[in-house]
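Participant: If you read the sequences in order, they're chains L and Z.
Note that the first sequence covers residues 2 to 111 in this note's numbering.
Note that the second sequence covers residues 178 to 290 in this note's numbering.
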Amino acid sequence: DMKVTQMPRYLIKRMGENVLLECGQDMSHETMYWYRQDPGLGLQLIYISYDVDSNSEGDIPKGYRVSRKKREHFSLILDSAKTNQTSVYFCASHDTGQLYFGEGSKLTVL
Amino acid sequence: GDSVTQKQGQVTLSEDDFLFINCTYSTTTYPTLFWYVQYPGQGPQLLLKVTTANNKGISRGFEATYDKGTTSFHLQKASVQESDSAVYFCALVERNMGYKLTFGTGTSLLVDP
Numbered sequence: 002d003m004k005v006t007q008m009p010r011y012l013i014k015r016m017g018e019n020v021l022l023e024c025g026q027d028m029s030h031e032t033m034y035w036y037r038q039d040p041g042l043g044l045q046l047i048y049i050s051y052d053v054d055s056n057s058e059g060d061i062p063k064g065y066r067v068s069r070k071k072r073e074h075f076s077l078i079l080d081s082a083k084t085n086q087t088s089v090y091f092c093a094s095h096d097t098g099q100l101y102f103g104e105g106s107k108l109t110v111l
Numbered sequence: 178g179d180s181v182t183q184k185q186g187q188v189t190l191s192e193d194d195f196l197f198i199n200c201t202y203s204t205t206t207y208p209t210l211f212w213y214v215q216y217p218g219q220g221p222q223l224l225l226k227v228t229t230a231n232n233k234g235i236s237r238g239f240e241a242t243y244d245k246g247t248t249s250f251h252l253q254k255a256s257v258q259e260s261d262s263a264v265y266f267c268a269l270v271e272r273n274m275g276y277k278l279t280f281g282t283g284t285s286l287l288v289d290p
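Written out as structure tokens, the structure reads:
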């Protein structure tokens, strides 16, 4: 059963703090994604990773960076979080024409 | 760039009603089109996809036809159930573009029992 795991599921941070969101998949999928979901805006692509150390900016990369040192893990990093980065973040991996999403990480920046 | 438009933000129906969710797209190439469904507290999951123009995708009673002429991919279901309450996203991916999906803004479906 294909599964994408996100940690943590819920996180509260203060403005200016660093944030690390982690994502894992045990299916050796090459391509992984980070999206954010906001009411009325749908899913917006932050970064896409095609494999280890092969990352590409999505549509809204400003304020974010990513790291992929192992195929199974893809991290999203917010250096000095801002209140407008309060959102639900979804990680996904791609296999044979289908994206598999995690359950999301809800980040609140105060 | 590519775009997907879902004009309906929210749809409220009663059980056994007919469902129609509007989706139109804009792209310069020949995309694959998708509908993803998101149940409360979960990530989106694939409902159906169609890779070829003028073909229909069918899954779990839902269907959508890839209409290249009108650039539409509307989602339909003959008779909805309360368990269909969810958010539905239309999406596309351009071929040879590194499998980057573009999503619409989503349509929230609420089905009253």
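The beta-carbon is built from N, C-alpha and C at its ideal position, and this holds for glycine as well.
Near residue 79/L, which residues of its chain fall below 7 Å by C-beta distance, leaving aside the five closest residues on each side in sequence?
Facilitator: 19, 20, 64, 65, 86
Participant: Does the CB of residue 61/L have a neighbour CB from chain Z at under 9 Å?
Facilitator: Judged by the 9 Å Cβ criterion, residue 61/L is not in contact with chain Z.
Participant: Drop a sphere of 10 angstroms on the beta-carbon of residue 105/L, count the other beta-carbons inside from all chains shown, and report buried for 16 or more, exposed for fewer.
Facilitator: buried
Participant: With 7 Å as the limit, tell me which residues of the region 255-289 of chain Z have their beta carbon closer than that to any beta carbon of chain L; keep them in chain order.
Facilitator: 266, 275, 276, 277, 278, 280, 281, 282, 283
Participant: Select from 232/Z, 249/Z, 223/Z the residue whose C-alpha is nearest the C-alpha of residue 96/L.
Facilitator: The residue with the shortest Cα to Cα distance from residue 96/L is 223/Z.
Participant: Would you check if there are 3 or more beta carbon pairs closer than 8 Å linking the region 185-195 of chain Z to the region 43-60 of chain L?
Facilitator: no
Participant: Run through the DSSP bridge pairs and tell me what residue 7/L is partnered with.
Facilitator: Answer by DSSP bridge pairing, in chain order: 24/L.
Participant: Roughly how many angstroms separate the alpha carbons of residue 195/Z and residue 257/Z, rounded to a whole number?
Facilitator: Between residue 195/Z and residue 257/Z, the C-alpha separation is close to 6 Å.
Participant: Below 7 Å between beta carbons is the criterion; list the residues of the region 30-51 of chain L that meet it against any residue of chain Z, in chain order.
Facilitator: Interface annotation for the region 30-51 of chain L against chain Z: 32, 41, 42, 43, 44, 46, 49, 51, criterion Cβ-Cβ distance under 7 Å.
Participant: Cβ closer than 7 Å: which chain Z residues qualify as neighbours of residue 99/L?
Facilitator: 223
Participant: Taking DSSP's pairing of strands, which residues face residue 215/Z in a bridge?
Facilitator: 264/Z
Participant: Could you tell me whether the Cβ of residue 25/L comes closer than 9 Å to any Cβ of chain Z?
Facilitator: no
Participant: Can you tell me whether residue 33/L is buried or exposed? The criterion is at least 16 other CB atoms within 10 Å of its CB, across all chains shown.
Facilitator: By the Cβ neighbour-count rule, residue 33/L is buried, with 16 or more other Cβ atoms within 10 Å of its own.
Participant: What are the boundary residues of the beta strand (DSSP E) that includes residue 190/Z?
Facilitator: 187-191
Participant: Express the C-alpha separation of residue 178/Z and residue 92/L in angstroms, rounding to a whole number.
Facilitator: 23 Å
Participant: How do the region 9-28 of chain L and the region 37-45 of chain L stand: do at least 3 beta-carbon pairs fall below 8 Å, yes or no?
Facilitator: no
Participant: Between the Cα of residue 40/L and those of 100/L, 90/L, 70/L, spot the shortest distance and give me the residue it belongs to.
Facilitator: 90/L
Participant: Compute the distance between the beta-carbons of residue 5/L and residue 94/L, then report whether it is under 9 Å.
Facilitator: yes
Participant: When DSSP labels each residue in this structure, what does residue 232/Z get in the three-state scheme?
Facilitator: coil
Participant: At which residues does the beta strand (DSSP E) containing residue 105/L begin and terminate?
Facilitator: Premise fails: residue 105/L is in no beta strand (DSSP E) and is neither H nor E.
Participant: Is it true that the CB of residue 269/Z sits closer than 9 Å to the CB of residue 181/Z?
Facilitator: Residue 269/Z is positioned such that its CB atom lies closer than 9 Å to that of residue 181/Z.
Participant: Answer with yes or no whether the minimum CB distance from residue 245/Z to chain L is below 9 Å.
Facilitator: no
Participant: Alpha carbon to alpha carbon, how far is residue 15/L from residue 69/L? Give it in angstroms, no decimals.
Facilitator: Rounded to whole angstroms, the gap between the alpha carbons of residue 69/L and residue 15/L is 26 Å.
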